[in-house]
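Peer 1: Once you know that position 487 of the sequence shown is 487 in UniProt numbering, the rest is easy, because the numbers rise by one and skip nothing. Every residue gets a Cβ at the ideal spot worked out from N, C-alpha and C, and that includes glycine. Here the structure is a predicted model, which means the values were calculated and not measured. Got a structure for you, questions after.
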Amino acid sequence: MVEFKNIRNLLSFWIFGLCNNFGYVMMLSAAQDILTKGETGNEKQEENDVCLNSTETRFCNEVSTGVVLLCNIFPGLIIKLLAPFFIHKIPYGTRHFIVCLSTIFAFLITTFSGNVILSLVGVLLTSFASGLGENTFLSMASHYSPASISSWSSGTGAAGIIGAFVYASLTDPHIFAVSPTDTMLIALIVPIVFALTYYFLLVIPATIRGRILIRKPRSFILTNNEDRKSEDQNFPNKFQIIRQLLIYIIPIALVYYAEYLINQGLVELSVFTCDSGFGTSPKSQYRWYQVLYQVGVFISRSSSDIIQLGLVMITLLPVLQFINVAIFLGNALHPFIPNFGIACFLVFFEGLIGGASYVNSFRHIHQNVDSNIREFALGTCSVADGIGILLAAFSAIPVHNSIYRLGENRKMSETLSKLLTITAGTLYPAYRSYKAVRTKDTREYVKWMMYWIVFAIYSFLENILDLMFAFWFPFYFQLKIIFIFWLLSPWTKGASILYRKWVHPTLNRHEKDIDALLESAKSESYNQLVSFGSKSLVYAKDIVAEAAVRGQQQLVNQLQRSYSANDVGSDRESSVRKRVNIDNEIEELDETSDHELVNSEEVPARKRKTRSRSRSKTIEGGENVYASSTIPRRTSRRY
């Protein structure tokens, strides 16, 4: 019986996590659709939901999806911040009813709204419900076994997968092609399941204070007697506990800040063409990014019973997440990820880190914090992810907008960097060097010699660094400009500092080796040059001789073909063939003339004789054939 009760409770917490975060995930997955609501019709939206043939023109919304993220986290964060100080007065049943009702209204408002503003109101209500639910059920988990934390975390991870996958697959034009509005209506089944689970599946222990009864409204709020345990924790004590919990709050906040900066500010700028994006449109790519992220979150949150991280590893997870930020920031500035699949893997890895930070932190709190403050500690630490997400929302909007307009600004920065490098970095120092030489000022002469040595090393390294960092590192060209002025400035004396601290000691240590290497290279290069020159002369002589022999042979062959017996015979045969053709044509003309004579008896004989005598044929070349080419006279004719 006990085992069955535990199964019911674990299943209940899994469903709580699923239903509580489902609406939150749905709103993030629908972020781009929400921002375009009311601006374009369905037909226009379908036309835009196609893959791109080229990414030369940056594709994204002018308004960052961070706006949706901001609305989706701010009310929930306010609830999490204030809840530890008053929420203990409200029974869990009342809180749960408010969460379910708010979720239903949120879906309905978002579905039937006709503009972006009203849709964002639905997002705000979803955030309120999600924040209240997370605080409620994490606090409630203190009355159950530690496995309830794993079940809750696994359910929240499943909400990510199911919510993102349901929205992406239903709205994808290549799969189900359901409109975003109808998809929101289908999602209304989730808060119904949420309510039924609490009231019919969960086994509520006796340690939970207060039971709500529909017929007794007083049961909706706890009395002072029922809440005696919480009254023992006054405000000073609670703030002291919060200070001790910062070791958990800060890493969670940093991880969530990094991952939501990626999800809502950077990942939508990583778009791929039809060939590299598997034929998906930018909107579809964004939806599948959310799916892969949630898959990673689900796997890591569901594996805490198998892999458990210590406190040291929990504090190192933010470092890994910020590496992901650098990768996606670089790709947004200058795309270098070749394929949509690679970007999906990076998003999946990002989800693994976020889920691991969440579940291991709360599990560590449940196992190591004193039972008297465990409920308060779990509820308080739930604010950590909200703080990180809120900061990410505020950061994602300006970062997105800056990158959106960065195309022309980047070219301008590159041009300005080159111009200032030429003028300030070379022409001005050259003139000052001339002044030092002309005035024979030894101090100035040494100063500018140090500068030229440092600048020569910088110019060499600049070509390498441009290949490695120019295409992705933010503000790269601006930093180069600042560095040049730092070298030149008489206040910073950057060139002098670099020369004395690094260049001179390094060259002094390796001066003999460098001189030996240069001398060896000089002698070796001279020997190689002489050897190469002699080989080149021999090779050129052979080529000229071979060309002369081949030319002479070709001339002889041409002369032989021109005066051969075959050519003479060929000319004779051509002449004979031409003569035969002329004779044949003459015979045809003769037959035609005979036929005309028979049909016209009135023609005088003298005239016929004259025509027969004067008949001739013009052959090629414009000459007339007379004696040998005239038609032979017939001796007798019958009329």
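With a Cβ-Cβ cutoff of 8 Å, do N135 and K80 count as a contact?
Peer 2: It is a contact, given that the beta carbons lie within the stated cut-off.
Peer 1: Between which two residues does the alpha helix (DSSP H) containing R301 stretch?
Peer 2: Per DSSP, R301 belongs to the alpha helix (DSSP H) from 282-301.
Peer 1: Alpha carbon to alpha carbon, how far is Y257 from P490? Give it in angstroms, no decimals.
Peer 2: Computed Cα separation, rounded: 41 Å.
Peer 1: Using the DSSP secondary-structure output, state which residues sit across from residue 640 in a beta bridge.
Peer 2: Absent from the structure is residue 640, since the part of the chain shown begins at 1 and ends at 639.
Peer 1: Look up T273 in the DSSP assignment and say whether it is helix, strand or coil.
Peer 2: DSSP places T273 in strand when its eight states are reduced to three.
Peer 1: Nearest CA to the CA of R301: which residue from I186, S361, Y286?
Peer 2: Answer by Cα proximity: S361.
Peer 1: Say the cut is 7 Å; is the CB of A377 nearer than that to a heavy atom of the ligand SAH?
Peer 2: This structure does not include the ligand SAH; it has no bound ligands of any sort.
Peer 1: Which same chain residues end up closer than 7 Å to S119 when comparing Cβ atoms and leaving out the 5 residues on each side of it in sequence?
Peer 2: Here the set comprises I34, K37, T110, S113.
Peer 1: In chain order, what residues of the same chain have a beta carbon less than 8 Å from the beta carbon of S102, not counting five sequence neighbours either side?
Peer 2: The residues are L125, T126, F128, A129, L132.
Peer 1: Using 10 angstroms around the beta-carbon of N324, count the other beta-carbons present and answer buried if the total reaches 16, otherwise exposed.
Peer 2: Counting Cβ neighbours within 10 Å, N324 comes out buried, since at least 16 surround it.
Peer 1: Check H334 in the structure and name its three-state DSSP category.
Peer 2: Residue state, collapsed to three classes: coil.
Peer 1: State the Cα-Cα distance for the pair N339 and S169, rounded to the nearest angstrom.
Peer 2: The straight-line gap from Cα to Cα measures roughly 21 Å.
Peer 1: One question on the structure: do G388 and L254 come within less than 8 Å of each other, judged by their Cβ atoms?
Peer 2: Closer than 8 Å, so yes.
Peer 1: Between which two residues does the alpha helix (DSSP H) holding F278 run?
Peer 2: That residue, F278, is in no alpha helix (DSSP H); it is neither H nor E in DSSP.
Peer 1: Quick check on N368: buried or exposed, where buried means 16 or more other Cβ atoms within 10 Å of its Cβ?
Peer 2: Its Cβ having fewer than 16 others within 10 Å, N368 is exposed.
Peer 1: What separation, rounded to the nearest whole angstrom, lies between the Cα atoms of M27 and K501?
Peer 2: Approximately 56 Å, taken between the alpha carbons.
Peer 1: Are A159 and V25 touching if we call contact CB-CB under 8 Å?
Peer 2: Yes. Within cutoff.
Peer 1: Quick check: L138 and G379, are their CB atoms within less than 8 Å of each other?
Peer 2: Closer than 8 Å, so yes.
Peer 1: Verify whether the separation of the beta carbon atoms of V291 and F328 is less than 8 Å.
Peer 2: Taking 8 Å as the Cβ cut-off, V291 and F328 do not qualify as a contacting pair.
Peer 1: Under a three-way DSSP split, which group does A548 fall into?
Peer 2: Helix at A548.
Peer 1: Going residue by residue through the stretch 127-197, where are the continuous alpha helix (DSSP H) segments of at least 4 residues, counting only ones entirely within it?
Peer 2: Qualifying alpha helix (DSSP H) stretches, in chain order: 147-171, 180-186, 189-196.
Peer 1: Leaving out five residues before and five after V297 in sequence, what residues of the same chain have Cβ atoms less than 6 Å from its Cβ?
Peer 2: Excluding positions up to five away in sequence, the list reads G157, G160, G351, G354, G355.
Peer 1: Check this for me: beta carbons of S270 and A343, under 8 Å apart or not?
Peer 2: In this structure, A343 lies closer than 8 Å to S270 by Cβ.
Peer 1: In three-state terms, what does DSSP make of K418?
Peer 2: K418: helix per DSSP, three-state reduction.
Peer 1: Restricting to Cα atoms, I'd like to know which of Q321, D305, M313 is closest to L261.
Peer 2: Looking at the Cα atoms, Q321 is the closest of the given residues.
Peer 1: Keeping to the same chain, check which residues put their C-beta closer than 7 Å to that of I453; ignore five residues upstream and five downstream.
Peer 2: The answer, listed in chain order, is Y499, V503.
Peer 1: Under 8 Å Cβ to Cβ from A605, same chain only, skipping five residues before and after it: list those, please.
Peer 2: Only weak support is given to the placement of A605: the predicted model assigns it a pLDDT of 48, under 50, and the question is left unresolved by the model.
Peer 1: Would you say L10 and A206 are within 8 Å of each other, going by their C-beta atoms?
Peer 2: Contact flag unset, no.
Peer 1: Taking S417 as the reference, give the member of A384, Y92, F477, L461 with the closest Cα.
Peer 2: Here the closest residue by C-alpha is F477.
Peer 1: Pick helix, strand or coil for N6, following the three-state DSSP scheme.
Peer 2: Of the three classes helix, strand and coil, the one that applies to N6 here is helix, per DSSP.
Peer 1: Using a 10 Å radius around the Cβ and a threshold of 16 neighbouring Cβ atoms, would you call N237 buried or exposed?
Peer 2: Exposed, because fewer than 16 other Cβ atoms sit within 10 Å of the Cβ of N237.
Peer 1: Span of the alpha helix (DSSP H) holding N372?
Peer 2: Segment 371-381, the alpha helix (DSSP H) holding N372.
Peer 1: Looking at the structure shown, is F113 part of a helix, part of a strand, or coil, going by DSSP?
Peer 2: Residue identity differs from the one stated: residue 113 is Ser in this sequence, not Phe. It is coil, neither helix nor strand.
Peer 1: Using the C-alpha atoms, what's the distance from G23 back to Y293?
Peer 2: For Y293 and G23, the distance between alpha carbons rounds to 16 Å.
Peer 1: Quick check on the burial criterion: 16 or more other C-beta atoms within 10 angstroms. Buried or exposed for P398?
Peer 2: Exposed, because fewer than 16 other Cβ atoms sit within 10 Å of the Cβ of P398.
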